[in-house]
Amino acid sequence: MNRWIATAGRCVAWAAVALCAACASLPPPPPKPVSQAWAQPEATALGTLAAAAAPNLRFSGFRLLASGEDALAALAALADHAQRTLDLQYYLMRDDASTRALLRHVHAAAQRGVRVRVLLDDLNTAGADDALLCLTRHANIELRLYNPFPAGRGSTLTRVLASIRDVRRINQRMHSKMFVADNAIAVTGGRNLGDAYFVQSLASNFVDLDVIAAGPVVRDLSASFDRFWNSDLAYPLESLVDRKPECDGPVAAAPPSPNGTPGADRASADGGSAEAPPSTAPPARSSVAIPDSAFSQELGAGRLQLAWVPAAVLADAPSKIASEGDPGRSETIADDIVTLTRAARREVVLISPYFVPGKRGVALARELHARGVQLRVLTNSLAATDAPIVHIGYARYRRDLVTAGVELYELRSRLGASRSRLGSFGSSLASLHAKALVIDRRLLLIGSMNMDPRSARLNTEIALVMRSPALAGQVVQLFDDVAASSSYRVEALADGRLRWVGQAPGAPTVEGAEPDASVGLQLMLMLLSPFAPDELL
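Residues in the sequence shown are numbered consecutively from 2, following my numbering.
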């Protein structure tokens, strides 16, 4: 109920916006140095290692990171082995033990002389200015905020009130994620920085997916980073905040997030998840030890085991945010993903936590079915999702998808038996956050993009496309594991109702009502549905 109280509070705030007479517009871009990714990755230890491991210099190397512990270990290992540069681009950094532990490794790299650039979307940094300033007090660490709120920075409410004249701009966010070391090896995918993404939350964790990358695609990832870093919407923190806070220790707090549970990663100005009161926050870990992993051991031993395959980077342009929801074909990767999907001959496997197909998506599902292509989809159930309002846009097309032949699965809020391939999720509660697309079990896409109008038209996204039956097979196996042990299969009944069939032994079958979701939550969404068009979700 606290989530809905907070949501109602935001609605009141938006209504009050009309009365705002002292609104602030984004000031002109401040003077700032232009910088680029490290130009000689082959001259670093990581670059040498990647080149030595590559059987073909035209191919790129990859390893999937389905385990949150492995993902955290990979980021820390890259920070520890970087010699020249670290580039971090994220939508969200939580103020929690995992982020602090990782930032200590990043700070240690800066101490060694490594240049660190941190590009952070400004939506979830309310009240974090002092902490961010402390993070950047090291001469080798520079931080820029993307698409910032120029005034009222102390809270989300005052930010929105002060920026109402720029409502179209602030409703578009930078949603890309990457961590690049020496322009040689990178990690990118669905994860932000925080306990829930690295399976360290004591309450609920994300089922998520990243990929380690080496070779030519890393240079393309860095080129995308540079375009955002040097764009007019990337503001040095000091140009927005003119004060010198007192800092405690070598690494101050990471920026606080709306709450400690999954729920802050719907990149919209009105928030896909509510800003929960402090009393509702889950218990937090006081510290996190970075785990060891096969990848970190390999870096230490001077060897690298990756799958080397043809690959490419799909990246939205920074100008997409200036398009006011109507990006050109060269600014968005959405049409590229539709083209890849249409090329399928046998099977499409889709994993998307926020799935709003719209009429266009339903038509594509019917087109695939008519050609004999099986479409399999895994998304969140209402009880599992961290963004209930987005569920409206999915639920209104759910029956059409099933009757169009889609094999549709929804993640249960409580996971079934753990699978070794997935690793431990730290608790039985989980929410899907991975974003992946597999075409004919030979072409694989992993990135930050959800299959919804917001990702297609408003937020900036990035993805890797890999031609690899082996990697594609691993993602299909992950899909099958989650579908079999922790999901409902959705079916259509003759009377128009839906049925949710529990896939695991002993899992219930539910007819006519969203399983595990409270009546109050279902009623609230029913009331909000007429006021929630797809394009705003």
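All residues carry an ideal CB built from backbone N, CA and C; glycine is no exception. Note that the structure is a prediction, hence the values are computed from the model and not measured.
Check each candidate in Q84, L76, L409 and R116 and name the one with the smallest Cα separation from R101.
-> L76
How is Q504 classed by DSSP in three states: helix, strand or coil?
-> coil
Pairwise C-alpha distance: I186 and P292 | CA-to-CA, the gap between P292 and I186 works out to about 19 Å.
Determine the DSSP secondary structure at R377, reduced to helix, strand or coil.
-> Of the three classes helix, strand and coil, the one that applies to R377 here is strand, per DSSP.
With DSSP run on the structure shown, which of helix, strand or coil describes Y398?
-> helix
Output the distance between the C-alpha atoms of A98 and G195, rounded to the nearest integer angstrom.
-> 8 Å
Where I6 falls, given that 16 or more other Cβ within 10 Å makes a residue buried | At I6 the pLDDT is 37, less than 50, meaning the model places this residue with poor confidence; the figure from the coordinates comes in the next sentence. I6 is exposed by the Cβ-count criterion.
Short check: CB of Y489 to CB of R413, under 8 Å?
-> yes
If we count the other Cβ atoms within 10 Å of its Cβ and call it buried at 16 or more, is M2 buried or exposed?
-> The predicted model places M2 with a pLDDT of 40, which falls under 50 and marks its position as unreliable, so this point remains unresolved.
Counting Cβ pairs closer than 8 Å, one from the segment 359-371 and one from the segment 387-403, do we hit at least three?
-> yes
Going straight from the alpha carbon of S331 to that of R64, what length do you get?
-> 29 Å
Quick one: measure Cβ to Cβ for S449 and H176, integer angstroms, because I've assumed they're closer than 8 Å.
-> 5 Å
Alpha carbon to alpha carbon, how far is V35 from Y92?
-> 22 Å
Mind listing, in chain order, the continuous beta strand (DSSP E) runs of no fewer than 3 residues lying wholly within the segment 138-211?
-> 142-147, 179-182, 186-190 and 206-208
In whole angstroms, what separates the C-alpha of L526 from that of D387?
-> Answer to the nearest angstrom: the Cα atoms are 14 Å apart.
Report yes if the CB atom of S487 is closer than 8 Å to the CB atom of A505, and no otherwise.
-> yes
Rounded straight-line distance, which links the Cα of W39 to that of G155 = 35 Å
Near A55, what residues of its chain come up, given a Cβ to Cβ distance below 7 Å and the 5 sequence neighbours on each side ignored?
-> G62, G216 and W309
L465: buried (16+ other C-beta within 10 angstroms of its C-beta) or exposed?
-> Buried.
Mind checking whether R347 and D441 have CB atoms under 8 Å apart?
-> Closer than 8 Å, so yes.
Compare the C-alpha of V476 against each of P454, A132 and L445 and name the closest.
-> Residue L445 is the option with its Cα nearest to V476.
Please specify which runs of the alpha helix (DSSP H), each continuous and at least 4 residues long, are wholly inside the segment 53-137, giving them in chain order.
-> 69-82, 98-112 and 130-136
Assigned exposure category for R118 - 16 Cβ within 10 Å defines buried | buried
Would you mind working out which of Y198, S26, D88 and L210 sits nearest D167, comparing C-alpha positions?
-> S26
Boundaries (first-last residue) of the alpha helix (DSSP H) holding I338 | A335 to R343
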